[in-house]
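Presented below is the structure to which this report refers.
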Amino acid sequence: MQNKETLKNSPRTIRHITSIAAFEDLRYSWNALLEKKHIRSAVLTWEWLFSWWKVFGDEKKLWLVTVWEDDRLIGVAPLMLEKRRKIGMPLQVLCTLGTPMNDIGGFIVQDQDLQIVKILSDFILEQKREWDIFELNEFPVEGLEISVLKDIFSQRNFRLIEENNEHYYIPVEGSWDDYYSSLSKKFRKNLRRAERNSAGLGNVFLKQYSGNGLTWGNFDEAIAVNCHANYPRICHSKKEQAFLKELFELAPQWLTLYLLFINDEAVAYEYGFLYQNRFEDWRAGFDTRIDPAISIGKFIALKVLEKSFEDGLKEVDFMRGAHAYKQEWRPETRIYTQLRFFKRQSPKAMIAYLGLEKIKPLLRRF
Numbered sequence: 000m001q002n003k004e005t006l007k008n009s010p011r012t013i014r015h016i017t018s019i020a021a022f023e024d025l026r027y028s029w030n031a032l033l034e035k036k037h038i039r040s041a042v043l044t045w046e047w048l049f050s051w052w053k054v055f056g057d058e059k060k061l062w063l064v065t066v067w068e069d070d071r072l073i074g075v076a077p078l079m080l081e082k083r084r085k086i087g088m089p090l091q092v093l094c095t096l097g098t099p100m101n102d103i104g105g106f107i108v109q110d111q112d113l114q115i116v117k118i119l120s121d122f123i124l125e126q127k128r129e130w131d132i133f134e135l136n137e138f139p140v141e142g143l144e145i146s147v148l149k150d151i152f153s154q155r156n157f158r159l160i161e162e163n164n165e166h167y168y169i170p171v172e173g174s175w176d177d178y179y180s181s182l183s184k185k186f187r188k189n190l191r192r193a194e195r196n197s198a199g200l201g202n203v204f205l206k207q208y209s210g211n212g213l214t215w216g217n218f219d220e221a222i223a224v225n226c227h228a229n230y231p232r233i234c235h236s237k238k239e240q241a242f243l244k245e246l247f248e249l250a251p252q253w254l255t256l257y258l259l260f261i262n263d264e265a266v267a268y269e270y271g272f273l274y275q276n277r278f279e280d281w282r283a284g285f286d287t288r289i290d291p292a293i294s295i296g297k298f299i300a301l302k303v304l305e306k307s308f309e310d311g312l313k314e315v316d317f318m319r320g321a322h323a324y325k326q327e328w329r330p331e332t333r334i335y336t337q338l339r340f341f342k343r344q345s346p347k348a349m350i351a352y353l354g355l356e357k358i359k360p361l362l363r364r365f
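The opening position of the sequence shown corresponds to residue 0 in numbering that gives the first Met the number 0, with each subsequent residue numbered one higher.
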């Protein structure tokens, strides 16, 4: 289903898309538009978001706001409406499509056109009867949407909670030897020890699978490893597996899997997205039955980074999560933000705001 609204004195129209069939029809227009966005990620592609919606969209409402010029797509706000409970109260939350699994969010807008962002924002505000809280997740702070949204919503007297977080990435510049030498002496010593200890178990090798060389059987091996990992959510979640299978079928051209083998048995994996000559390192795990002293997780990370330099990639993105182990690789940092706008006209939204802004910080002290 989609509702169409023509803007006054403009060739542009808004289409509010709420059906999966209309979402499916957007594939090529969506990705053509994404090519023009300053910040691009596989997580913003039609394939990623459509796959996610097919698997996780139950009990939620699809809420895509699109802007068109004649029959050409020029702007998308990928959103969904879901019910949540905050401080025991039911609330309607309009939020970024893919939450909480999307590591990167954002509006997709042609030519950094601020007027399109304003059109999207105005439509969202016109529909404010449908929602209590408007939540945007993992938007890059330098994205053009941020300042426009904050200005527009503050003028309409909305309350805002903003929370920033760091994403780490490795620019692939110069030679692998130069990069490796830049790591701390202590960390290099740990890596050499991990390599020696791994070799002591037998024949150790890394294999990369992507494109036509990637089969679902390769992912079966990764899932088998995940069953013995620290966080075996893929192993135990049929929905996680279904989502991965959808991505495998829709986007084999950029889905990439690395498996580390010892004596022909997979013991660790990393997989993500080879997109725009960048590797977005989305998921990783290793078999915890292997002696922790071997540091098999560090070893596969070392080999994946080395392979990325060999292949001439532009960047390895560690994605969301400012974990200490990522800092050992001397990454650079990008800042992303979560914006939550609370509607003053909604008593429930304001109680939730006060709970998050005033009460929750006090509870953290105890």
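The beta-carbon is built from N, C-alpha and C at its ideal position, and this holds for glycine as well.
In the three-state scheme derived from DSSP, where H, G and I count as helix and E and B as strand, residue 176 is classed as helix. Each residue's CA atom was taken as its position, placing residue 20 and residue 46 some 14 Å apart.
Taking a cut-off of 8 Å on C-beta distances, the region 270-283 does not touch the region 131-148, as fewer than three cross pairs fall below it. Fewer than three beta-carbon pairs drawn from the region 163-171 and the region 259-274 are found closer than 8 Å, and the two stretches are therefore not classed as touching. Straight through space, the alpha carbons of residue 115 and residue 249 are spaced by roughly 29 Å. The three-state reading of DSSP puts residue 104 in coil, since its state is none of H, G, I, E or B.
Each of 330, 154, 126, 52 was checked against the Cα of residue 97, and the nearest Cα belongs to 52. In the displayed model, residue 128 falls within a helix according to three-state DSSP. Taking a C-beta distance under 8 Å as the contact criterion, residue 185 and residue 215 do not qualify as a contact pair. Sequence-distant Cβ neighbours of residue 232 in its own chain, meaning closer than 7 Å and more than five residues away, are 239. Each residue's CA atom was taken as its position, placing residue 162 and residue 300 some 29 Å apart. Here the alpha carbons of residue 345 and residue 257 stand approximately 48 Å from one another. Annotated three-state conformation of residue 326 is helix, per DSSP. Here the alpha carbon of residue 127 sits roughly 27 Å from the alpha carbon of residue 44.
As computed with DSSP, residue 166 is found in a beta bridge with 319, 333.
For residue 158 against residue 352, the beta-carbon gap comes to about 5 Å, under 8 Å, which counts as contact. Here the alpha carbon of residue 87 sits roughly 30 Å from the alpha carbon of residue 122.
In the displayed model, residue 120 falls within a helix according to three-state DSSP. Within the region 221-284, the runs of alpha helix (DSSP H) that reach at least 4 residues and sit entirely inside it are, in chain order, 232-235, 237-249. Contact between residue 284 and residue 224 holds, with the beta-carbon distance rounding to 6 Å and staying under 8 Å. In the DSSP annotation of this structure, the continuous segment of the beta strand (DSSP E) that includes residue 209 starts and ends at 203-209. Scanning its chain for C-beta atoms nearer than 7 Å, with the 5 sequence neighbours on each side dropped, one finds around residue 252 the residues 210, in chain order. Annotation: the continuous beta strand (DSSP E) that includes residue 84 extends over 71-85. Burial state of residue 15 is buried, judged by a 10 Å Cβ sphere holding 16 or more other Cβ atoms.
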